[in-house]
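Heads up: the sequence shown at position 79 corresponds to 786 in my numbering, and the numbers run straight through without jumps.
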Amino acid sequence: MHTKLYSVSEGEFEKLAKKALKYALISAPFTVNRMAIDDLPKRIENIVKGKLAELMVGAFLISRNVEVDFERCQTPFYQTDKHDFIYCDYEWDIKNNYLNIGSKSLKDNDFSSLPALIPNRFRGDQWSKRDRTYHNTKGLRMLFTFMIRQKKVDKKKKNLFDMQIETEQLEFLSALVDKHGGKNYEKAPFEEKWFWHEWQH
Numbered sequence: 708m709h710t711k712l713y714s715v716s717e718g719e720f721e722k723l724a725k726k727a728l729k730y731a732l733i734s735a736p737f738t739v740n741r742m743a744i745d746d747l748p749k750r751i752e753n754i755v756k757g758k759l760a761e762l763m764v765g766a767f768l769i770s771r772n773v774e775v776d777f778e779r780c781q782t783p784f785y786q787t788d789k790h791d792f793i794y795c796d797y798e799w800d801i802k803n804n805y806l807n808i809g810s811k812s813l814k815d816n817d818f819s820s821l822p823a824l825i826p827n828r829f830r831g832d833q834w835s836k837r838d839r840t841y842h843n844t845k846g847l848r849m850l851f852t853f854m855i856r857q858k859k860v861d862k863k864k865k866n867l868f869d870m871q872i873e874t875e876q877l878e879f880l881s882a883l884v885d886k887h888g889g890k891n892y893e894k895a896p897f898e899e900k901w902f903w904h905e906w907q908h
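Dropping the structure here:
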């Protein structure tokens with residue numbers, strides 16, 4: 708099956724990446740550490756990747772005039788995500804994989820040959836929640852996406868993007884993780900305005 712690749716300009720990618728990073732930073736203290744990663748910058752990077760995939764899929768669907776509802780699935784930064792979007796009365800969860808390969812490595816861009824996997828590493832992982840819905844819908848569906856690098860990107864560079872966090876900023880985030888990690892909140896434990904003021908300070 709031949710698949711036409713969808714891409715965005717460097718400017719649009721940078722815009723989406725910054726939006727994803729902003730979300731990752733403020734939500735990091737409340738995001739479940741499913742992969743048990745102790746390295747906070749790495750955890751932030753994984754949140755960025757997940758949010759960036761969601762934003763890229765949204766950009767793609769909008770460009771194709773597909774009527775999807777992302778708004779109903781949006782949650783505040785301090786609450787767990789409740790799937791990614793609603794389409795045809797089903798809730799959809801994006802399962803994305805970033806591929807460090809060139810597009811020519813896949814014969815005829817045959818993405819259907821790639822594995823579509825749902826994490827099932829421990830009790831309560833994503834596989835056990837495959838039938839759980841949060842909205843008044845018919846059920847849950849999975850959308851498996853694969854993102855690859857363009858050939859002009861430096862092949863020696865393994866990361867999708869570079870992220871630099873100052874020591875003081877990391878200490879600030881770590882303190883919030885220690886204070887709020889593993890807790891559920893109905894109301895925001897702090898204001899976004901306060902967070903960004905402290906972050907910039």
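Heads up, the beta-carbon is just placed ideally off N, CA and C, and yes, glycines get one too.
If you're wondering where the values come from, they're calculated on a predicted model, not measured in any experiment.
Check your understanding: Taking C-alpha atoms, which residue in Asp885, Leu762, Gln876 and Gly888 lies nearest to Trp903?
Key -> Against the sequence shown, residue 903 aligns to sequence position 196. In terms of CA proximity to Trp903, Gln876 leads the group Asp885, Leu762, Gln876 and Gly888.
**Study point:** Limits of the unbroken beta strand (DSSP E) element including Phe853
**Key:** One-based indexing of the sequence shown puts residue 853 at position 146. Phe853 -> beta strand (DSSP E) spans Leu847 to Ile855.
Check your understanding: Any idea if Met708 is buried or exposed, counting beta-carbon neighbours within 10 angstroms, 16 or more meaning buried?
Key -> Stepping through the sequence shown from its first residue, residue 708 is reached at position 1. Any reading at Met708 is ruled out, since the residue's pLDDT is 43, under 50, leaving its predicted position unreliable.
Review point. For Lys789, which residues from the same chain have a beta carbon less than 7 Å from its beta carbon, with the 5 sequence-adjacent residues on both sides left out?
Key: Numbered from its first residue, the sequence shown carries residue 789 at position 82. Around Lys789: Cys780, Thr782 and Tyr841.
Check your understanding: Which whole-angstrom value is the C-beta distance of Phe792 and Ala823, which I expect to be below 8 Å?
Key -> As a first step, residue 792 is located in the sequence shown; it is residue number 85 there, counting from the start. As a first step, residue 823 is located in the sequence shown; it is residue number 116 there, counting from the start. About 18 Å separates the CB atoms of Phe792 and Ala823; that is not less than 8 Å, and the two are not in contact.
Check your understanding: CB Met870 to CB Lys802, shorter than 8 Å?
Key -> Working through the sequence shown from its first residue, we reach residue 870 at position 163. Working through the sequence shown from its first residue, we reach residue 802 at position 95. No; because the gap between Cβ atoms is not below 8 Å, this pair is not in contact.
**Study point:** Straight-line Cα distance separating Asp838 from Lys845
**Key:** Here residue 845 refers to the residue found at position 138 of the sequence shown. Here residue 838 refers to the residue found at position 131 of the sequence shown. Straight-line spacing of the CA atoms in Lys845 and Asp838 works out to 10 Å.
Check your understanding: In this structure, what does DSSP give as the bridge partners for Asn804?
Key -> Translated into the one-based positions of the sequence shown, residue 804 becomes position 97. Phe853, per the DSSP bridge assignment.
Check your understanding: Which of helix, strand or coil does DSSP assign to Tyr685?
Key -> With the chain running from 708 to 908 in the structure shown, residue 685 is simply not present.
Check your understanding: Does DSSP classify Phe792 as helix, strand or coil?
Key -> Translated into positions along the sequence shown, residue 792 becomes position 85. Here DSSP, grouped into helix, strand and coil, assigns Phe792 to strand.
Review point. Going by DSSP, what residues sit across from Glu798 in a beta bridge?
Key: Sequence index remark: in the sequence shown, residue 798 carries index 91 (1-based). Looking at the DSSP assignment, Glu798 forms a beta bridge with Ile793 and Leu847.
**Study point:** Identity of the residues DSSP links to Asp953 by a beta bridge
**Key:** Absent from the structure is residue 953, since the part of the chain shown begins at 708 and ends at 908.
Check your understanding: Which two residues bound the contiguous alpha helix (DSSP H) that contains Tyr730?
Key -> Indexing the sequence shown from 1 puts residue 730 at position 23. Unbroken alpha helix (DSSP H) run through Tyr730: Glu717 to Ser734.
Practice item. Out of Lys722, Ile751 and Tyr794, point me to the one whose CA is closest to Met763's CA. Key: What you label residue 763 is simply residue 56 of the sequence shown in a count that begins at 1. With respect to the C-alpha of Met763, the residue from Lys722, Ile751 and Tyr794 having the closest C-alpha is Lys722.
Point to revise | Pair within 8 Å by beta-carbon distance, Leu806 and Ile754 | key: Counting from one through the sequence shown, the residue named residue 806 turns up at place 99. Counting from one through the sequence shown, the residue named residue 754 turns up at place 47. For Leu806 and Ile754, no; Cβs fall outside 8 Å.
**Study point:** Inter-residue spacing [alpha-carbon to alpha-carbon] between Leu728 and Lys756
**Key:** Residue mapping note: residue 728 aligns to position 21 of the sequence shown, counting from 1. Residue mapping note: residue 756 aligns to position 49 of the sequence shown, counting from 1. C-alpha separation (whole angstroms): 9 Å.
Check your understanding: Expressed to the nearest angstrom, what Euclidean distance is found between the alpha-carbon atoms of Glu893 and Ser770?
Key -> On the sequence shown, position 186 is the one that residue 893 refers to. On the sequence shown, position 63 is the one that residue 770 refers to. Rounded to the nearest angstrom, the two C-alpha atoms are 35 Å apart.
Review point. Assuming Tyr785 contacts Phe720 under a Cβ cut-off of 8 Å, what Cβ separation, rounded to an integer in Å, is found between them?
Key: Translated into the one-based positions of the sequence shown, residue 785 becomes position 78. Translated into the one-based positions of the sequence shown, residue 720 becomes position 13. 28 Å between Cβ atoms; not a contact.
Review point. From Ile751, Leu732 and Pro748, pick the residue whose C-alpha is nearest to that of Glu905; which is it?
Key: Position 198 of the sequence shown, counted from the start, is the residue given in the question as residue 905. For Glu905, the closest alpha carbon among the candidates Ile751, Leu732 and Pro748 is that of Leu732.
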